[in-house]
Each structure stands twice: as C-alpha cells, then as structure tokens.
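Numbering (the working numbering), first residue to last: 108 to 576. Below is one structure, written out as structure tokens; comments come after it.
And the structure:
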C-alpha cells in the first residue's frame, strides 16, 4: 500500500511502490480477518497488527470490527489512539459510524481520551450515526466546541464539517486557491469553493473551473449559482434526496444567508446508502438491525412484527376453516393452497418494493394513483394469465382432474391481479394517511394475498364442487 504520512503507525513497506493498487477484494478481506482473529485469539496481537497496518482504512476498519468484543479491544490496544482516529476519519462516514458502534463508547472513550481535544473532536464529527455526544460526555476533559456534537444523528448538522474554503466575490482565483491550500484534512474531499458577498453565501466555484482559470481571473467570472442549501436541522433523508435529485456533490449548510458548514461528497453518498438501507430493512421490518448486532436488539426489532404477522395468519386460517366441508370432500385442494397464496404474496411484494422505492426516491411526483393502480393490475393480469395456464397444466398432469386445473388456474389469475392492485394501493394509502409505507405495507399485502387467494380458490372450488368430484 502507498505510504500515508497521516497514519502515525504506518511505515513504508520495504518492497512497496507508488504504483501498487490499494484496493483488495472482499475475499481477501475475509481471509485477512480470519487470520487476524486466529492470531489475536493466540495472544499475538502485534503480529496481527502487522497484517493490517498497510491496508486501506476501510479494510482495516472492517477487519477490526469483525473481531469478537474481547479480541477487538485487544487489537485496539495495540494500535495507537492516533491510528484509530486516523482510520475512522479516512473511512466513509457511515461505515466509520458502524465501526465506531462496534467498538463501543467505552473503547472509544479510552482512545479519544488520549488524543488532543481538537483531534478527538474532528474524529467524533465523522461518526454521525454513533451519537458521538455520548462519547464526548464520557471523556475526563471537555472538548473545545463540544456544542458542535449536539446536532441530532440524522440531521445535516451531524453530517457537516466546519472546515471549508471560502472566497470573496471580488477576489481573484489565486486567492481561492490559496484558501483551498490552507485547509487540512478536508482539502482532498472538497469539490467546490464557496463565494461570499458581504459575508453571505452568493455562489460557488467548482474545482475544475478553479484549476482551468487564470490566477488573475476575478472569482465572480467563474462562479456559478448555488443549487441547493440546507440548515443544521434538515433531516438526513432530505439531504439524500437533494443529492439524488440535483446530482450535487456537496451541500452547503446555512443559517439564514450565512454559511456555517458543508456536507462533503462522501458524507452525502454515505447518508444516501444509509437511507436506502433503512428503507430496505423497513420493508422486511428489521430496521436498525445488523447481522452481528446484539441478540436483544434483534428480538426488539423482529418479535413485534412476527407477533403481528402471527395474528394475520390466524385470519387466513379462519378463511380456510370456512371451507372445511369442501376440503373434506376434495382433500387434494389442501395441497394447492400454498401455491395460490405463495405466488400472490411474491407478486404483491414485487409491486410493494417497487412502489416504496419510488416513494423514497420521489419518482411518483405527478403520477396519478389511478393510473398506477391500473398499470399494476394490468401487470398482474398478464402475469396471472401465464401463471394460471402453467399451474393448470401442472395440476392436470399431476392429478388428471380437469375441474381442479380450471379452478386452480382461475384462482391464480385472480390472485395475481389482486396482488398487483393491493401491492400498489397499500403504500399509497399509508402515505396519504401520513404513515411510513415501508413499515407496515409488507404485513398488509401478504395478509391480503393470503386471504383473497384462499377465498378465490376455495370459493371457486365450492361453487364447482361437481367438477372436482
């Protein structure tokens, strides 16, 4: 790996070179993590450190976070506090927050307690999803400007940095370059220099324009308008939307007309990934859970929804019980109940996922709900025709019963239409009611497809009992 003087513990590898690639594959990260775990378990933390000291900070963080708690703390003790802080500052903010969460407040307090307050503060501000004020409060000595950590963990204030390049509109391009050169850690992450008039934000200059302009060019001649701004209490979700919608690489944070900070490109990308992940987790009702998190957190996240789902399955069971006499006469119907309900559930979930994603990305602006429902119902009809014919053919080849094949095919067709319609209608209805469509939609859609699927299948079978026996 390339030597980085900002890492105090990193020494230049003897056989290294500036042309060596830094990135490694996930498989290689997994191999190194396995070997590090083995070495730490054997009490050879110093040897384990030699394995990871030349890795990219993101890979180093992944390896450290993968260790069991005791091994993780032993590994951190081998690393200097400066190295731990350097690693977290160089990582994607969201990933740094996750690694910091794995390390825990106790370990981070021990690390940051040995750092210079300014260095500790700069590192804590890179951990927006860790609620860094808890770490700051646990330190023996207060941090300067600790109020900067008071912003909520899901706001623009928690994502922004205060170190940013500014230049007066009346200055020359040379001054803007000098201001940029005076920055420390954020210099290589800045994409725009901000232009002020009378201390108020008036425009921006991109790095490309700044590089191509002559030193004597007035800044106002190469400045461009600000696309979007946010305040310190703007939700992170809105920051992610602005990044996607306007394709911005930085977001200036303002207090009225005055510039107070900036959300850098990696933070914007990180919060976008974080919001998309949360949406995906909410659809499955496992929001906030991680694969290696504490069992208690997983229980709190999953058990309530599993309990709700249990109640809805009894509703589906009650529907089946209504047709007990039909099932007694044609027992083979029971074998096909999961086919109708399961296929409808999959179809409804496909539509639901698409609609929830479109809502999250703002893709439904101007789209009429009626047109959307008709589209998904038509898709359900087209899918139902094919699947109905296919399942009818399979049932006939299996049971040699034309009546059963007809009932099963029609029920499949009807349930796929219902699945498409309900999968689109439920999230739209919940959004209109002011509820988060990602949280409860999956349970409602699954219940609807089960109940209506059983009603269709067993109802048709009851009406056509003469064809089945």
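Positions of the beta carbon are idealized from the N, C-alpha and C atoms, including for glycine.
Classification of residue i by the beta-carbon crowding that lies within 10 angstroms, buried from 16 upward
i	result
residue 433	buried
residue 359	buried
residue 450	buried
residue 554	buried
residue 302	buried
residue 340	exposed
residue 72	Absent from the structure is residue 72, since the part of the chain shown begins at 108 and ends at 576.
residue 49	The structure shown does not extend to residue 49, since the chain spans only 108 to 576, so no value can be given for it.
residue 573	exposed
residue 362	exposed
residue 425	exposed
residue 123	Legend: pLDDT at residue 123 = 42, less than 50; position of this residue unreliable, value from coordinates given subsequently. Exposed is the call here.
residue 487	buried
residue 462	buried
residue 531	buried
For residue i, three-class secondary structure by DSSP
i	result
residue 445	helix
residue 258	coil
residue 299	strand
residue 332	coil
residue 159	helix
residue 275	strand
residue 204	helix
residue 164	helix
residue 102	No answer is possible for residue 102: it lies beyond the span of the chain, which begins at 108 and ends at 576.
residue 129	coil
residue 175	coil
residue 337	strand
residue 112	Caution is warranted here: a pLDDT of 39 is assigned to residue 112, below 50, making its placement in the model unreliable, and the coordinate value is therefore given only provisionally. Residue state, collapsed to three classes: coil.
Start and end residues, alpha helix (DSSP H) containing residue i
i	result
residue 572	572-575
residue 188	188-197
residue 137	133-148
residue 534	509-539
residue 491	476-506
residue 433	431-436
residue 289	Looking at the DSSP string, residue 289 is not in any alpha helix (DSSP H), and its letter there is neither H nor E.
residue 349	343-353
residue 220	Per DSSP, residue 220 belongs to no alpha helix (DSSP H) and is neither H nor E.
residue 266	263-266
Expected contact under 8 Å - CB spacing of residue i and residue j to nearest Å
i	j	result
residue 79	residue 368	For the chain, the structure presents residues 108 to 576; residue 79 sits outside this window and is missing.
residue 191	residue 183	6 Å
residue 345	residue 337	7 Å
residue 312	residue 283	6 Å
residue 218	residue 171	Incorrect: roughly 12 Å between the Cβ atoms, too far for contact.
Element boundaries [beta strand (DSSP E), containing residue i]
i	result
residue 581	A query on residue 581 cannot be resolved here, the shown segment of the chain reaching from 108 to 576 and no further.
residue 359	358-362
residue 368	365-370
Near the ligand GTP: residue i beta-carbon under 8 Å from a heavy atom
i	result
residue 487	The ligand GTP is not among the ligands present in this structure, which contains no ligands whatsoever.
Below 8 Å, how does it come out for the region 348-368 and the region 282-300: are there three or more Cβ pairs, yes or no? yes
Between the region 162-173 and the region 183-200, are three or more C-beta pairs nearer than 8 Å? yes
Counting beta carbon pairs with one atom in the region 473-482 and one in the region 557-564, are three or more of them shorter than 8 Å? no
Report yes or no: do three or more beta-carbon pairs, one from the region 523-533 and one from the region 501-512, lie closer than 8 Å? no
Decide if the region 147-158 is in contact with the region 173-182; the criterion is three or more beta carbon pairs, one per stretch, under 8 Å apart. yes
At a cut of 8 Å, does the region 482-499 reach the region 533-545 through at least three beta carbon pairs? no
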